Amino acid sequence: MKQSKLFGKTIYEVPKDEVSKNAQLLIRGGFVDKLMAGVYYYLPLGKRVLSKIENIVREEMNAIGGQEILMSALQKKEDWQTTGRWDIDVMMKVQTNLDKEFGLGWTHEEAVTPLAKKYVRSYKDFPFSLYQIQTKFRNEKRAKSGILRGREFVMKDLYSFHTSEESLDEFYLQAKDAYSKVFKRVGLGDKTYFTYASGGDFSKYSHEFQTLTDAGEDNIHICDKCGIAINEEVVEELDGKCPECGSSDLHVEKAVEVGNIFKLKNRFTDPFNFKFLDSDGKEKTVMMGCYGIGPSRLMGTVVEILSDEKGVVWPKEIAPYQIHLVSLGNSDEVKNKAEEIYNDLQQQKVEVLFDDRGESAGVKLKDSDLIGIPLRVVVSAKTLGQDGVEIKKRSEEGFEIIKLGDLQHYLKNFI
RNA sequence: CGGGGCGUAGCGUAACGGCUAACGCACUUGGUUUGGGACCAAGGGACUCCGAGUUCGAAUCUCGGCGCCCCGACCA
1217 MKQSKLFGKT
1227 IYEVPKDEVS
1237 KNAQLLIRGG
1247 FVDKLMAGVY
1257 YYLPLGKRVL
1267 SKIENIVREE
1277 MNAIGGQEIL
1287 MSALQKKEDW
1297 QTTGRWDIDV
1307 MMKVQTNLDK
1317 EFGLGWTHEE
1327 AVTPLAKKYV
1337 RSYKDFPFSL
1347 YQIQTKFRNE
1357 KRAKSGILRG
1367 REFVMKDLYS
1377 FHTSEESLDE
1387 FYLQAKDAYS
1397 KVFKRVGLGD
1407 KTYFTYASGG
1417 DFSKYSHEFQ
1427 TLTDAGEDNI
1437 HICDKCGIAI
1447 NEEVVEELDG
1457 KCPECGSSDL
1467 HVEKAVEVGN
1477 IFKLKNRFTD
1487 PFNFKFLDSD
1497 GKEKTVMMGC
1507 YGIGPSRLMG
1517 TVVEILSDEK
1527 GVVWPKEIAP
1537 YQIHLVSLGN
1547 SDEVKNKAEE
1557 IYNDLQQQKV
1567 EVLFDDRGES
1577 AGVKLKDSDL
1587 IGIPLRVVVS
1597 AKTLGQDGVE
1607 IKKRSEEGFE
1617 IIKLGDLQHY
1627 LKNFI
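Numbering (the working numbering), first residue to last: 1217 to 1631.
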């Protein structure tokens, strides 16, 4: 992509009403645009990052057998009345001119359960799991923290269905591992804690994945011994003891919830009367679990944690482009060589953002820092004098000059 | 939903109740620049959030609405 044609631009002054670090950096870098409180547009650069995160999530969900579907954001009032959740205040409602009311989905148990029931009756069809990556709506009383907490956001929600608690337990562990892989791949692995949380009425505990950051709104109690954490709401219930190892050496940290997994058991299958026929010919209750990750929140969390005073520092796996090719100076020699390198990289299917603009060196380098692509390749009169290009890693100080002929080989190793 | 603050060009700001609403960034044109947010010159861009009122006169004062931000409450 040529930067001269890229929609969206970097800005130096951030809107004064935007306070959170993630939104400030994302707006300054031209990743997102704010429409109103808690509602953001994703511009080309931001959309690329979001899509990459979604794809990582998608791959990990597929790996544990999840089948991707897409349900509607519009929800049927009757289904939510069935479970008694129609009047929960996070639910946004819309009304047609015929006075018919719909809800806007903030989670999809009320949608997926009747759907699953419609197609599945026999024990032979279990277990199975369905997921979607979809826009969710939530009537937050007060939207804040940039894209960490919006009224509209992207969510991956997976639902699993089982003929027994044992089967649910087994899948639950698989989902847990899949989630850990996701957080590792997006660069949050070492700051994300498996956290015990309230299980509601139907399970002793649910679990959250909490990533340490001051931008978070939760306090978690981390066990110094085994490295798991406990949510504020259940730490008392546990007498301040780690449920895994029994240690009481806990310390408190601020964190943001980036995912959760929850054994719903029959909480939703019962109200919808979703039963299966077992091999003994008897009708039995379907067990259910739900598993959520917010890709947009994940993106905001990465920005909160992996950025410096100059801008974002994207991890390789979710960077909008693999390489930022920057030409400095407007001599024909530099322009032609940069163009040539750009075309070569394109041909090798390398994702490259090429800053071909006629801006000054300072502007281009500052913008490059701000956008935060992990690897920068600079072409200038200086580098061409040495028959090479400069390679600079965004996450490190310093740079190196490598010969033009060695570029392909170098990039192959890096990417 | 309670308390506080704020709405002026795309963004950041200025303007005593009184002249054509000013400046910086961004944008357009021409020229000089090009290794860390360059310079010169010439331009375009505003129903001062909306609606009432007070006044000879309102961006400025009053009332109402809407929106935004901060603190709190809320967050399966």
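C-beta: ideal position from N, C-alpha, C; glycine also.
For clarity, every value in this text was computed on a predicted model and none was experimentally measured.
Sheet register partners of residue i (DSSP bridge)
i, result
"Lys1360", "Arg1365"
"Asp1524", "Gly1527"
"Ile1446", "Tyr1412 and His1437"
"Met1375", "Note that residue 1375 is Tyr in the sequence shown here, rather than Met. In DSSP, Tyr1375 forms a bridge with Leu1346 and Cys1506."
"Gln1624", "According to DSSP, Gln1624 bridges with nothing at all."
"Tyr1258", "Val1248"
"Thr1427", "Thr1408 and Val1472"
"Ser1422", "Ala1413"
"Phe1492", "Lys1500"
Where residue i falls: helix, strand or coil (DSSP)
i, result
"Ser1220", "helix"
"Gln1240", "helix"
"Asp1406", "helix"
"Lys1340", "helix"
"Asn1476", "strand"
"Asp1249", "strand"
"Ile1589", "coil"
"Phe1399", "helix"
"Gln1297", "helix"
"Met1277", "helix"
"Met1515", "helix"
"Val1579", "helix"
"Ile1285", "coil"
C-alpha distance - residue i paired with residue j, whole-angstrom precision
i, j, result
"Leu1620", "Leu1561", "13 Å"
"Val1604", "Ser1523", "Per the sequence shown, residue 1604 should be read as Gly rather than Val. So the alpha carbons of these two residues sit roughly 29 Å apart."
"Lys1316", "Arg1337", "32 Å"
"Gln1390", "Leu1241", "35 Å"
"Leu1581", "Lys1553", "18 Å"
"Asp1494", "Glu1382", "15 Å"
"Ile1349", "Val1550", "44 Å"
"Phe1387", "Trp1302", "29 Å"
"His1540", "Leu1222", "13 Å"
"Ile1438", "Phe1615", "38 Å"
"Val1265", "Ile1521", "16 Å"
"Val1472", "Asn1559", "42 Å"
"Met1252", "Ile1617", "45 Å"
"Ser1422", "Asp1572", "51 Å"
Open item on the list: As an exercise, report each continuous alpha helix (DSSP H) stretch of at least 4 residues that is fully enclosed by the region 1539 to 1570, in chain order.
Closed with: Note on the region 1539 to 1570: whole alpha helix (DSSP H) runs with a minimum of 4 residues are 1548 to 1563, in chain order.
Task: Three-pair Cβ contact test at 8 Å for the region 1284 to 1297 versus the region 1241 to 1261 - done: The region 1284 to 1297 is not in contact with the region 1241 to 1261.
TODO: State whether the region 1475 to 1482 contacts the region 1410 to 1422, with contact taken as three or more CB pairs (one from each stretch) at a distance under 8 Å.
DONE: Result yes; three or more Cβ-Cβ pairs closer than 8 Å.
Open item on the list: For the pair the region 1430 to 1449 and the region 1395 to 1407, tell me if three or more CB-CB distances fall below 8 Å.
Closed with: The region 1395 to 1407 and the region 1430 to 1449 do not touch, with fewer than three beta-carbon pairs separated by less than 8 Å.
TODO: Spell out a yes or no on whether the region 1320 to 1327 and the region 1343 to 1363 are touching, meaning 3 or more CB-CB pairs, one atom from each, closer than 8 Å.
DONE: Cβ pair count under 8 Å is three or more, so yes.
Open item on the list: At 3 residues or longer, what runs of the beta strand (DSSP E) sit wholly inside the region 1315 to 1339?
Closed with: Segments of the beta strand (DSSP E) lying fully in the region 1315 to 1339: 1317 to 1320.
TODO: Mind the definition here: the region 1527 to 1546 touches the region 1587 to 1595 only if three or more C-beta pairs lie below 8 Å; say whether that holds.
DONE: Segments in contact, yes.
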